[in-house]
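Residue numbers (the numbering used here): 83 to 571.
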Amino acid sequence: MLQLTSQPLTRIKAENLIVPVCEDRNLFQTPAIKKLAASVKTIKTFAAQAGDCLSHYRPEGLNVERLILIGLGAYGDLTREKLRQAAGKSIRRAWHAQPGNAVLAVPDAPLPEGISREQAFEALTEGACLANHTLAAFKSKPKHVPLKTIRLLVADPDVRPYRVLLTRIKKICRGTAMARDWVNLPANEKSPRDLAAMIIRAAEPAGVATTLMDTRQLRRHKMGALLAVGEGSRQPPQMLILDHHPSRARETLALVGKGVTFDAGGLNLKPTGAIEMMKIDMAGAAAVAAAVIAAAALGIKKRIVGILPMVENMVSGSSFRPGDIVRSYSGQTIEIGNTDAEGRLILADALAFAVKRYRPRAIIDLATLTGACVVALGDRIAGLFCEDEGLREKILQIGRDTHERCWPMPMPEDYQDLIKSDLADMRNIGPGRWGGAIVAALFLSRFVEDTPWAHIDIAGPAHTKKAQAYSEAGGTGFGVRLLCQLMEA
Ligand code: BES
Ligand code: MN
Ligand code: ZN
Numbered sequence: 083m084l085q086l087t088s089q090p091l092t093r094i095k096a097e098n099l100i101v102p103v104c105e106d107r108n109l110f111q112t113p114a115i116k117k118l119a120a121s122v123k124t125i126k127t128f129a130a131q132a133g134d135c136l137s138h139y140r141p142e143g144l145n146v147e148r149l150i151l152i153g154l155g156a157y158g159d160l161t162r163e164k165l166r167q168a169a170g171k172s173i174r175r176a177w178h179a180q181p182g183n184a185v186l187a188v189p190d191a192p193l194p195e196g197i198s199r200e201q202a203f204e205a206l207t208e209g210a211c212l213a214n215h216t217l218a219a220f221k222s223k224p225k226h227v228p229l230k231t232i233r234l235l236v237a238d239p240d241v242r243p244y245r246v247l248l249t250r251i252k253k254i255c256r257g258t259a260m261a262r263d264w265v266n267l268p269a270n271e272k273s274p275r276d277l278a279a280m281i282i283r284a285a286e287p288a289g290v291a292t293t294l295m296d297t298r299q300l301r302r303h304k305m306g307a308l309l310a311v312g313e314g315s316r317q318p319p320q321m322l323i324l325d326h327h328p329s330r331a332r333e334t335l336a337l338v339g340k341g342v343t344f345d346a347g348g349l350n351l352k353p354t355g356a357i358e359m360m361k362i363d364m365a366g367a368a369a370v371a372a373a374v375i376a377a378a379a380l381g382i383k384k385r386i387v388g389i390l391p392m393v394e395n396m397v398s399g400s401s402f403r404p405g406d407i408v409r410s411y412s413g414q415t416i417e418i419g420n421t422d423a424e425g426r427l428i429l430a431d432a433l434a435f436a437v438k439r440y441r442p443r444a445i446i447d448l449a450t451l452t453g454a455c456v457v458a459l460g461d462r463i464a465g466l467f468c469e470d471e472g473l474r475e476k477i478l479q480i481g482r483d484t485h486e487r488c489w490p491m492p493m494p495e496d497y498q499d500l501i502k503s504d505l506a507d508m509r510n511i512g513p514g515r516w517g518g519a520i521v522a523a524l525f526l527s528r529f530v531e532d533t534p535w536a537h538i539d540i541a542g543p544a545h546t547k548k549a550q551a552y553s554e555a556g557g558t559g560f561g562v563r564l565l566c567q568l569m570e571a
């Protein structure tokens, strides 16, 4: 779908030609495009502010149906995210009922400090590619369909290095799209077994080894916490292990993802208003699965193990109960204070298993874990819990680069008192609602021993109610790009 071209402007034949423009500076050096971009100055109604978009049909002297000018705002304020968003917006503008095509002109003049030409190319390409993805087809007659081809127009001498970049971006965006598709599937089409099968179907051709543990094996491994959460559903819990294992790998990174295919809350049933979106409660597992598959495609040198506990949290006569005490894989016992705090239970077993089985250099978990984290940070920023300074700073920086933003949250040791239990080693909730995201993270910390570990609470950004510049309403695939860059680092 994504291609490179360096044809002269007059030779280009396309439905849409997209040209990004700044308010106060021409971003092109190649004379023909420079002239075209400069001609915008005479259009009084188009100020080229960030987000502005102007369509010009059948422009004279060009062999294109439509010229789309996309504003970037002031040159000095340019960021990579503005480029992503502008590209995304213009691509969606080019959509119609047929699979069309577009050519996107990549700036070849110097950019403001802090943005290299490669980074600008990367941002535009990423924004375009991510925006050109739509919800899996449940509608019989879609009004708009994604473009069939997007060609990135670069100046001739640049083509070669961009080819390498393009290949990488395609693989990463493919991962984001995969994660979105899985998240967008309704819960009636993704039982833990269905989801595992879908992920295996995508992972094996990519060269990722897979191991699926069913109820029998989970019992044999004494994964009492995961099994307890699964008890109320007719769909049995599963644990899927994805292993990207290059023969020369020197270190192992473990990725763990919360895979609750539907979170009704269990006997602590969620009320109307809170239950509707809960098919997205497997977004952590989706992001991790997509990242491991991308790791294989990208040829990541490290061993990457993805550990995906998958379960449906339902209400029935066989549901686990508040007051139950379960024995986790680690041997520690947990008193159930609330069956809706299920994510931390399944992660407890997955994290302990990751530590014991793989002794990884580090563990990262992604989970739509708490509404409290959304209260704290809103729905576009993830909460990052990590006591390892090096790992934390790395994740924060990559979060800024990819615009998959994370914010550092505290893990105060004295708050551990909040999950004390009279009967068991701990309880799965605190006594009140305050600091809910922190309490959840502290609970998880009891299952990672001294392995460097980062927990990313993505309850907010995993999903968007309204379309964003390069994501439709629904799953965002948050975390895939972040994990890809982290695996490469
Ligand atoms: N899956 C939810 C968290 C969630 C909330 C994800 C909103 C996405 C959007 C999680 O399992 C949950 O129910 N958490 C409870 C914990 C509470 C019972 C301690 C919560 O956040 O209310
Ligand atoms: Mn829950
Ligand atoms: Zn949940």
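Idealized CB from N, CA, C, for every residue including glycine. None of the values given here were measured: they were computed from a predicted structure.
Proximity winner among the options, relative to residue i (alpha-carbon distances)
i: residue 289; options: 257, 325, 271, 563; result: 325
i: residue 246; options: 216, 215, 273, 207; result: 207
i: residue 403; options: 202, 307, 223; result: 307
i: residue 511; options: 543, 455, 422; result: 422
i: residue 374; options: 85, 447, 319; result: 447
i: residue 394; options: 104, 367, 346, 105; result: 346
i: residue 444; options: 358, 533, 435; result: 533
i: residue 171; options: 274, 490, 135, 463; result: 135
i: residue 323; options: 392, 261, 272; result: 392
i: residue 298; options: 319, 292, 281, 283; result: 319
i: residue 396; options: 442, 369, 343; result: 343
i: residue 527; options: 547, 506, 492; result: 492
i: residue 442; options: 295, 536, 505; result: 536
i: residue 388; options: 341, 151, 358; result: 341
i: residue 105; options: 140, 130, 85; result: 130
i: residue 348; options: 462, 415, 385, 398; result: 398
i: residue 547; options: 386, 530, 513, 359; result: 359
Opening and closing residue of the alpha helix (DSSP H) in which residue i lies
i: residue 476; result: 471-484
i: residue 266; result: 241-266
i: residue 293; result: Run containing residue 293: none in the alpha helix (DSSP H); it sits in the beta strand (DSSP E), 291-295.
i: residue 163; result: 162-176
i: residue 440; result: 425-440
i: residue 527; result: 518-527
i: residue 566; result: 562-570
i: residue 203; result: 199-213
i: residue 187; result: Here residue 187 belongs to no alpha helix (DSSP H); instead the beta strand (DSSP E) covers 183-187.
Assigned exposure category for residue i - 16 Cβ within 10 Å defines buried
i: residue 361; result: buried
i: residue 125; result: exposed
i: residue 413; result: exposed
i: residue 317; result: buried
i: residue 220; result: exposed
i: residue 120; result: exposed
i: residue 301; result: exposed
i: residue 145; result: exposed
i: residue 196; result: exposed
i: residue 239; result: exposed
i: residue 139; result: exposed
Proximity below 8 Å, CB of residue i to CB of residue j
i: residue 87; j: residue 235; result: yes
i: residue 440; j: residue 279; result: no
i: residue 287; j: residue 229; result: no
i: residue 39; j: residue 213; result: Nothing in the structure corresponds to residue 39, since the chain is present only between 83 and 571.
i: residue 515; j: residue 419; result: no
i: residue 209; j: residue 176; result: no
i: residue 543; j: residue 464; result: yes
i: residue 581; j: residue 466; result: A query on residue 581 cannot be resolved here, the shown segment of the chain reaching from 83 to 571 and no further.
i: residue 243; j: residue 271; result: no
i: residue 436; j: residue 338; result: yes
i: residue 109; j: residue 132; result: no
i: residue 390; j: residue 372; result: no
i: residue 557; j: residue 350; result: no
i: residue 434; j: residue 529; result: yes
i: residue 416; j: residue 507; result: yes
Span of the beta strand (DSSP E), counted from its first residue to its last, around residue i
i: residue 233; result: 231-235
i: residue 93; result: Here residue 93 belongs to no beta strand (DSSP E), and DSSP marks it neither H nor E.
i: residue 445; result: 444-449
i: residue 366; result: Per DSSP, residue 366 belongs to no beta strand (DSSP E); it is in the alpha helix (DSSP H), 365-380.
i: residue 280; result: Element bounds for residue 280: not the beta strand (DSSP E) but the alpha helix (DSSP H), 274-285.
Residue i: CB within 7 Å of a non-hydrogen atom of ligand 4
i: residue 345; result: No copy of ligand 4 occurs in the structure displayed; its ligands are ligand 1, ligand 2 and ligand 3 alone.
Across the stretch 555-567 and the stretch 482-489, are there enough close Cβ pairs to call them in contact, namely three or more that are closer than 8 Å?
yes
Can at least three beta-carbon pairs, one atom from the stretch 407-416 and one from the stretch 304-317, be found at a separation below 8 Å?
yes
Using a Cβ distance threshold of 8 Å, determine whether the stretch 156-167 contacts the stretch 110-117, with at least three qualifying pairs required.
no
Does the stretch 345-365 come close enough to the stretch 461-475 that 3 or more CB-CB pairs lie under 8 Å?
no
Could you tell me whether the stretch 343-359 touches the stretch 429-436, where touching means 3 or more Cβ pairs closer than 8 Å?
no
Any contact of the stretch 448-465 with the stretch 315-335, i.e. 3+ C-beta pairs under 8 Å?
no
How about the stretch 249-258 and the stretch 375-382: do they share at least three Cβ pairs that are nearer than 8 Å?
yes
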